[in-house]
Structures are given as structure tokens and as C-alpha cells.
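Residue numbers (full-length UniProt numbering): 1 to 253. Let me begin by presenting the structure, written as C-alpha cells, before commenting on it.
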């Protein structure tokens with residue numbers, strides 16, 4: 001059977017429209033499930049950095065929800081440390097997204113320009129972990145490495161004396177080099193490191209690989225100086241007064 005050019009064009013157009021419609025419908029249908037999975041993944045990372053579960057462990061949604069009954073989500077004012085929202089209202093807030101909105105953020109101060117973050121959100125999210133034996137604060141941290149923005153969590157003891165854990169859940173660094181931020185062996189170095197000095201200033205830091213000598217120093221990643229520095233600078237930002245510092249020190253008073 002011979003087909004005219006007009007027939008072929010019409011048929012191809014209809015086929016494209018049908019496929020596009022199918023993809024659009026599928027995307028809409030899957031969006032709620034994707035949101036559920038995103039929240040589940042975030043909660044698993046919070047549980048892991050707090051030491052409640054092993055990193056990379058997968059738990060049923062019901063079990064994660066049960067554990068989160070002992071974890072309180074707070075939204076705080078980054079500048080004053082005031083608690084603004086709790087519970088479900090706090091859970092709905094995305095500070096990383098708000099950082100991109102000029103109405104909900106401020107330019108990053110000059111002293112923290114090395115993080116390569118253009119703006120800081122006015123509101124931040126904090127997790128107060130109350131699970132017995134794992135009590136701590138969990139904060140979201142982010143900043144640039146060599147090739148990408150690194151997104152992660154840091155857990156700090158309730159008395160702010162030491163690091164409980166650190167993890168990165170999204171980045172695009174080079175495997176085997178900057179990508180070692182994912183390596184459990186490298187992350188384990190952070191556990192127990194001193195967080196603040198006697199004046200309440202951020203103390204924990206990243207130094208050249210093999211050069212750590214103090215209880216607040218973490219060895220950087222070999223061959224990944226820029227990524228190591230990126231981690232150092234973002235930690236300094238988020239632990240300080242331009243990050244979570246005002247809130248964290250406020251709850252100690």
C-alpha cells in the first residue's frame with residue numbers, strides 16, 4: 001500500500017501528540033508518588049546522620065514514620081533564631097528552594113562568598129531528634145564543591161560539643177576524588193569532632209589530607225582539594241551566625 005506524504009505527516013503528528021499526552025498524564029500521575037519517595041529519602045538520611053540507622057539502609061515507610069514520631073521538625077528564623085513553625089507546617093518548608101527567591105532570602109555575606117551560594121534563605125529547617133540514645137540536632141547544609149552543589153545533613157550533639165555525623169545525599173563530584181564525600185570511611189572521621197570553641201565560634205574544619213592533629217580537624221580528601229575546601233567553607237557558614245549558629249546557641253541559654 002502506498003502512502004502519500006500528507007498521510008505520513010498527519011500520522012506522525014498524531015502519534016507524537018498521543019505520546020506527548022501519555023507522557024504528560026504519566027508525569028502527573030507519578031508526581032505524588034515521587035514526592036512521597038523524596039520525603040522518605042530525606043527522612044532516611046536524617047535517621048542515618050543521627051546514627052539511628054546505617055547509612056544507605058532502606059526501611060519500610062511505616063517504620064520510618066514510627067521513628068519520626070520522636071523527631072520534631074522546626075523552621076527557624078536564620079537571623080534571630082526564633083522558632084517560626086513546627087510539625088506539618090514546618091515539614092512543608094523547603095529552605096533550599098526559598099534561597100532562590102529574593103523575597104524569601106538575602107545575599108550571602110562577603111565573608112562566605114567562597115561557598116559560591118548567591119543567597120541564603122531567611123528560614124532554615126532543623127530536626128530535633130529525641131530518639132533515646134540518639135538525641136541530637138540535625139541541620140541541612142549545602143554549598144559548592146568542584147563540579148556541583150553538595151547537599152547534605154550534619155548532626156550535632158544536643159550540648160553542641162561534638163559532631164554526631166555528616167552525610168551528603170546529592171552531588172556531582174568526581175567518583176574516587178571529590179565523590180569521596182559519600183565514603184563512609186571519610187564521613188566517620190567527623191564523628192566526635194569538636195564543633196565550637198570557647199567563644200561559640202565554629203571550630204570543626206577540614207585540613208589537608210593526613211595533616212589533622214587537633215580534635216576539631218578532619219582530613220581532606222586526597223586529590224580533591226577544591227571539594228574539601230568547599231565542605232570546609234559550607235560547614236563554617238552553616239554553623240556560624242549567618243547559618244544555624246544563632247538558633248543553636250539560643251537553645252543552650
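Just so it is clear, CB atoms sit at the ideal spot from N, CA and C, and this is done for glycine as well. Computed from a predicted structure; not experimentally measured.
Going by DSSP, residue 85 is part of the beta strand (DSSP E) stretching over 83 to 86. A straight line joining the alpha-carbon of residue 160 with that of residue 248 spans about 8 Å.
Shown here, residue 12 sits in a helix according to DSSP, grouped into three states. The C-beta of residue 197 has fewer than 16 other C-beta atoms within 10 Å across all chains shown, which makes the residue exposed.
Residue 123 holds the alpha-carbon nearest to the alpha-carbon of residue 82 among 123, 129 and 63. Using a C-beta cut-off of 8 Å, the region 112 to 126 makes contact with the region 62 to 81, since at least three inter-stretch Cβ pairs fall below that distance. If you draw a straight line from the Cα of residue 116 to the Cα of residue 89, it is about 30 Å long. Only exposed fits residue 17, as fewer than 16 other CB atoms lie within 10 angstroms of its CB.
Under the three-state reduction of DSSP output, residue 71 falls in the strand class. Relative to the Cα of residue 215, the nearest Cα in the group 167, 204 and 158 belongs to 204. In the same chain as residue 167, and ignoring 5 residues on each side of it, the C-beta atoms closer than 7 Å to its own belong to 45, 48, 49, 55, 152, 153 and 187, in chain order. About 6 Å separates the beta carbon of residue 146 from that of residue 173, a gap short enough to meet the 8 Å contact definition.
By the neighbour-count definition (other C-beta atoms within 10 Å, threshold 16), residue 208 is an exposed residue.
Contact between the region 58 to 70 and the region 91 to 109 is absent, with fewer than three C-beta pairs closer than 8 Å. Residue pairing by DSSP puts residue 219 in a beta bridge opposite 207.
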